[in-house]
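Just so you know, the sequences run in chain order W and S.
Read in order, the letters of the first sequence correspond to residues 1 to 317 in this note's numbering.
Read in order, the letters of the second sequence correspond to residues 318 to 634 in this note's numbering.
Read through the structure below, which is laid out as structure tokens, and then see the notes.
Protein chains: 2
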Amino acid sequence: MSGGTDKVAIIGCGLIGRGWAIAFARAGWRVALWDSATGAAAASVDAIRLGLHDLETAGLLEADASIVANSVAVVETMQQAVDGASYVQENAPEQAEIKRDVFLALDRITSPNALIGSSTSTMPGSVFLADVPGRHRCIVAHPSNPPHLMPVVEIVPSPWHDDATVTRVRLLMQSIGQAPIVVKQEIEGFVLNRLQAAVINEAISLVGEDAIDPSDLDSVMKHGLGLRWALMGPFETMDLNAPQGFLDYARRYGALYESMGRALHVAAPWPPSALTRIESSREARRANEPVSAQMARRDRALMQLLAMKKTIGLDAK
Amino acid sequence: MSGGTDKVAIIGCGLIGRGWAIAFARAGWRVALWDSATGAAAASVDAIRLGLHDLETAGLLEADASIVANSVAVVETMQQAVDGASYVQENAPEQAEIKRDVFLALDRITSPNALIGSSTSTMPGSVFLADVPGRHRCIVAHPSNPPHLMPVVEIVPSPWHDDATVTRVRLLMQSIGQAPIVVKQEIEGFVLNRLQAAVINEAISLVGEDAIDPSDLDSVMKHGLGLRWALMGPFETMDLNAPQGFLDYARRYGALYESMGRALHVAAPWPPSALTRIESSREARRANEPVSAQMARRDRALMQLLAMKKTIGLDAK
């Protein structure tokens, strides 16, 4: 763990921390793994090696996987993890007190120039950063799961952020091949989960009123909307679906969307009968395959998709 | 135009009709093209040939493109189009009177066993089928655009449908490689556009309250959610994101989604300031590329994605 390359400290080595470790190692960083639970960091190494190997197989790794894996090291203390690190990614449990304590500790022991990002998916920084003296250099950097296969990272500044922190974390994420975006306000769910909630709430409601069977609903997405959205966002899609572009689309179809909006039921509690029906449908299709095997299959499919997008120049740049 | 193969009549040869012609020809059907506007059917032939050629290049056509193209013929009258056709796909303009007149005519001149599907994206059958004597064999079969690259087809029975019509059209669509789903009620927007509206309305609102820049919003989709949704639907995704599957996910996160649901603003009219900002962002990125070139690029990307999904066994079966 020496030399001129950048170093990242991964604090918390569950699924998300492991993915981050792979993402940083892939980009040539030195990676230090630390977890407050004894043995947890060491236990993550095999999964990280396997992840790097899978990336190599998919043509998504420029160097040899086993060489890249050598840049990942397990350390014994939080202090060792952050020594010499220019960036720290926190992946502690999703509880405000825990996050606050971890950030207080990190702020005390890191180099004053280091930036500290949190993987939190539900808590804006204002929930756990108020008491942290160096809160100007702390920020939410929320990945999707798994981070090394889902490029998007939601950067959410807290009320006390330094503008330079936003800029530097955005550039840093770009430099390791992620697709950072900035959420300019501390809104509930940030942006990704807000869009996901809009779809999921409507999907469950449609099953609840028996407008569609669960497996058909999934088909609408994976054999329809999702194909487009893997390649272009909603605004890009609209821009291409009217002769004169986006505004033309808004003029032609705005009233229709407003009307459909009134028909959407996104705020209702999920009806239990719908949940039961969806569970039965999933059960019938799971075919007793263990979750780990299903996840591995999903990850391989994501890698194929990323490799395909890279080939045609539609990857995150 | 003879032999034992199935024959489809394509009524209306705009973008949607052309895509349907490609989809049926690809599956080995004889295709008759007719359009009420003189010359329109003939004008569509080059685009159909090109579409078949592109499919061949992408490895998505089993036979030789030029041989397949020979199964597509332009005819002079609606009667010639439907003669011997077991299925008719109507792609007339989106106006109730026009659809009604076309269905009245088709019902009169088709073989009594033929099934008649409408490509309408906005009108349930009850809007234009009430006066059609053979309305039991008429049904909405709404494709996504372009039909030959977006497998999903929304089958929407009217109040007067014959159950056998639903079953036969579903099987027919499966047999040509599409992904048919059944919308069991005549709800506004069917299902695909309801899910799309949930996303678009929320996306525009988020830009409207300056929570995110338009190009970042697109990134959240194409470098995040959309990658998953190209491979699996929302219920499949939920099933895989909690240790005990779908119901476990619903228990863990239901309250969060309900709370996010309350924060969603899906029924508001689109704020003009948001539309202006999105248009400016799109303008800056369009780079003066003609719409036709952008569409061709989108279609090639879709073909790569379909070929990739086919390779890993995630295509519509």
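Positions of the beta carbon are idealized from the N, C-alpha and C atoms, including for glycine.
Outcome for Q304 (chain W) when other beta-carbon atoms lying within 10 angstroms are tallied against a minimum of 16: To locate residue 304 (chain W), count along the first sequence from 1; it is residue 304. It is buried - the Cβ of Q304 (chain W) has at least 16 other Cβ atoms within 10 Å.
How is the alpha helix (DSSP H) around S215 (chain W) delimited, first residue to last? Counting from 1 along the first sequence, the entry for residue 215 (chain W) is found at position 215. Where S215 (chain W) is concerned, the enclosing alpha helix (DSSP H) stretches over P214 to V220.
Where S449 (chain S) and S435 (chain S) are concerned, what is the direct C-alpha to C-alpha distance, given to the nearest angstrom? In the second sequence, residue 449 (chain S) corresponds to position 132, counting from 1. In the second sequence, residue 435 (chain S) corresponds to position 118, counting from 1. The sequence shown places Val at residue 449 (chain S), rather than the Ser named in the question. Looking at the two C-alpha atoms, the distance is approximately 13 Å.
Cβ-Cβ separation, G17 (chain W) to S44 (chain W) (assumed contact under 8 Å), whole Å: Residue mapping note: residue 44 (chain W) aligns to position 44 of the first sequence, counting from 1. Residue mapping note: residue 17 (chain W) aligns to position 17 of the first sequence, counting from 1. Between G17 (chain W) and S44 (chain W) the Cβ distance is about 7 Å, and since that is below 8 Å, they are a contact.
State the Cα-Cα distance for the pair S215 (chain W) and L489 (chain S), rounded to the nearest angstrom. Residue 215 (chain W) sits at position 215 when you count from the first residue of the first sequence. Residue 489 (chain S) sits at position 172 when you count from the first residue of the second sequence. So the two alpha carbons sit approximately 19 Å from each other.
Does E154 (chain W) pass the burial test, meaning 16 or more other C-beta atoms within 10 Å, or should it be called exposed? Along the first sequence, one-based indexing puts residue 154 (chain W) at 154. So E154 (chain W) counts as buried.
P392 (chain W) in three-state terms, based on DSSP: For chain W, the structure presents residues 1 to 317; residue 392 (chain W) sits outside this window and is missing.
Please report the straight-line C-alpha distance between A9 (chain W) and C330 (chain S), rounded to a whole angstrom. Start at 1 with the first residue of the first sequence, and residue 9 (chain W) comes out as number 9. Start at 1 with the first residue of the second sequence, and residue 330 (chain S) comes out as number 13. The straight-line gap from Cα to Cα measures roughly 59 Å.
Taking Cβ-Cβ distances below 8 Å as the criterion, which residues of the region 231-261 of chain W are in contact with chain S? L231, M232, G233, P234, F235, E236, M238, D239, L240, N241, P243, G245, F246, L247, A250, G254, L256, Y257, E258, S259, M260 and G261
Between the region 451-460 of chain S and the region 478-486 of chain S, are three or more C-beta pairs nearer than 8 Å? yes
What does a CB cutoff of less than 6 Å around D46 (chain W) pick up in its chain, not counting 5 residues either side in sequence? Residue numbering aside, residue 46 (chain W) sits at position 46 when the first sequence is read from its first letter. Excluding the 5 residues flanking it on each side, D46 (chain W) has no same chain C-beta neighbour closer than 6 Å.
Name the residues in the region 70-84 of chain W whose C-beta lies less than 9 Å from a C-beta of chain S; which are they? none
With 8 Å as the threshold, decide whether the Cβ of A640 (chain S) is near any Cβ in chain W. Outside the displayed range of chain S (318 to 634) lies residue 640 (chain S), so it cannot be described from this structure.
Using only the alpha-carbon positions, how far apart do E258 (chain W) and I595 (chain S) sit? As a first step, residue 258 (chain W) must be located in the first sequence, where it is residue number 258. As a first step, residue 595 (chain S) must be located in the second sequence, where it is residue number 278. Going from the Cα of E258 (chain W) to the Cα of I595 (chain S) covers about 18 Å.
Local conformation of V166 (chain W) per DSSP, three classes: Counting from 1 along the first sequence, the entry for residue 166 (chain W) is found at position 166. In the structure shown, V166 (chain W) sits in a helix (DSSP, three-state: H, G or I).
In or out: K99 (chain W) buried (at least 16 other Cβ within 10 Å) or exposed? Counting from 1 along the first sequence, the entry for residue 99 (chain W) is found at position 99. That one is buried.
With H, G and I counted as helix, E and B as strand and the rest as coil, what does DSSP make of L466 (chain S)? For the purposes of this step, residue 466 (chain S) is taken as the residue at position 149 of the second sequence. Of the three classes helix, strand and coil, the one that applies to L466 (chain S) here is coil, per DSSP.
Please name the residues in the region 527-547 of chain S whose beta-carbon is closer than 9 Å to at least one beta-carbon of chain W, in chain order. D527, A528, I529, D530, P531, S532, D533, L534, D535, S536, V537, M538, K539, H540, G541, L542, G543, L544, R545, W546 and A547
What number of angstroms, rounded off, separates the C-alpha of V537 (chain S) from the C-alpha of N145 (chain W)? Within the second sequence, the letter at position 220 stands for residue 537 (chain S). Within the first sequence, the letter at position 145 stands for residue 145 (chain W). Their Cα atoms are separated by approximately 13 Å.
Quick check: what's the CA-CA separation for Q89 (chain W) versus F24 (chain W)? Sequence index remark: in the first sequence, residue 89 (chain W) carries index 89 (1-based). Sequence index remark: in the first sequence, residue 24 (chain W) carries index 24 (1-based). Each residue's Cα considered, the two are about 10 Å apart.
For P180 (chain W), name the three-state secondary structure that DSSP assigns. Here residue 180 (chain W) refers to the residue found at position 180 when the first sequence is read from its first residue. P180 (chain W) falls in the strand class under three-state DSSP.
I believe P551 (chain S) touches I200 (chain W) by the beta-carbon criterion, under 8 Å. Please report the beta-carbon distance rounded to the nearest angstrom. For the purposes of this step, residue 551 (chain S) is identified with residue 234 of the second sequence, where counting begins at 1. For the purposes of this step, residue 200 (chain W) is identified with residue 200 of the first sequence, where counting begins at 1. Contact holds; Cβ gap of about 5 Å.
Report the three-state DSSP secondary structure of S319 (chain S) (helix, strand or coil). By 1-based counting over the second sequence, the position of residue 319 (chain S) is 2. Confidence is the limiting factor: at S319 (chain S) the pLDDT is only 43, short of 50, which leaves the residue's position unreliable, though a coordinate-based value still follows. It is coil, neither helix nor strand.
Would you kindly work out how many angstroms separate the C-alpha atoms of P157 (chain W) and G578 (chain S), rounded to a whole number? The sequence position of residue 157 (chain W) within the first sequence is 157, counting from 1. The sequence position of residue 578 (chain S) within the second sequence is 261, counting from 1. Near 23 Å, if we compare the C-alpha coordinates of G578 (chain S) and P157 (chain W).
Under 9 Å by beta carbon: chain W residues contacting R485 (chain S): Position 168 of the second sequence holds residue 485 (chain S). Chain W residues near R485 (chain S): none, gap ~17 Å exceeds 9 Å.
Please state whether the Cβ-Cβ distance between L350 (chain S) and A358 (chain S) is less than 8 Å. Here residue 350 (chain S) is taken as the residue at index 33 of the second sequence, counted from 1. Here residue 358 (chain S) is taken as the residue at index 41 of the second sequence, counted from 1. Yes. Within cutoff.
Cβ of N605 (chain S) within 8 Å of any chain W Cβ: Locating residue 605 (chain S) in the second sequence gives position 288, where the first residue counts as 1. At least 8 Å separates the CB of N605 (chain S) from every CB of chain W.
Residues in the region 194-209 of chain W with C-beta within 9 Å of chain S's C-beta atoms, listed in sequence order? R194, L195, Q196, A197, A198, V199, I200, N201, E202, A203, I204, L206, V207 and E209
Inspect the beta-carbon positions of L231 (chain W) and K626 (chain S) and report whether they are closer than 8 Å. For the purposes of this step, residue 231 (chain W) is taken as residue 231 along the first sequence, with counting starting at 1. For the purposes of this step, residue 626 (chain S) is taken as residue 309 along the second sequence, with counting starting at 1. Cβ atoms of L231 (chain W) and K626 (chain S): not closer than 8 Å.
Out of S:D323, S:A624, S:A338 and S:E600, which one is the CA nearest neighbour of P464 (chain S)? Stepping through the second sequence from its first residue, residue 464 (chain S) is reached at position 147. Among S:D323, S:A624, S:A338 and S:E600, the Cα nearest to that of P464 (chain S) belongs to S:A338.
Distance between S383 (chain S) and M318 (chain S) (C-alpha atoms, nearest Å): Counting from one through the second sequence, the residue named residue 318 (chain S) turns up at place 1. Counting from one through the second sequence, the residue named residue 383 (chain S) turns up at place 66. For M318 (chain S), the pLDDT reaches just 40, beneath the cut-off of 50, and the residue's location in the model is therefore unreliable, although a value from the coordinates is still provided. Spanning the two alpha carbons is a distance of roughly 16 Å.
Residues of chain S with a CB under 9 Å from the CB of K99 (chain W): which are they? Residue 99 (chain W) sits at position 99 when you count from the first residue of the first sequence. Under the 9 Å cutoff, chain S gives no residues; its nearest Cβ is about 17 Å from K99 (chain W).
What are the residues of the region 123-140 of chain W that lie near chain S, defined by any Cβ-Cβ distance shorter than 8 Å? none
In the DSSP assignment, the alpha helix (DSSP H) including A613 (chain S) goes from what residue to what residue? Translated into positions along the second sequence, residue 613 (chain S) becomes position 296. First-last of the alpha helix (DSSP H) with A613 (chain S): V608 to T628.
Can you look up Q80 (chain W) in the DSSP assignment and give me helix, strand or coil? Here residue 80 (chain W) refers to the residue found at position 80 when the first sequence is read from its first residue. Helix, per DSSP.
Using C-beta distances below 6 Å, list every residue in its chain close to F563 (chain S), excluding the 5 sequence neighbours before and after it, in chain order. Here residue 563 (chain S) refers to the residue found at position 246 of the second sequence. Excluding sequence neighbours, F563 (chain S) sits near M555 and D556.
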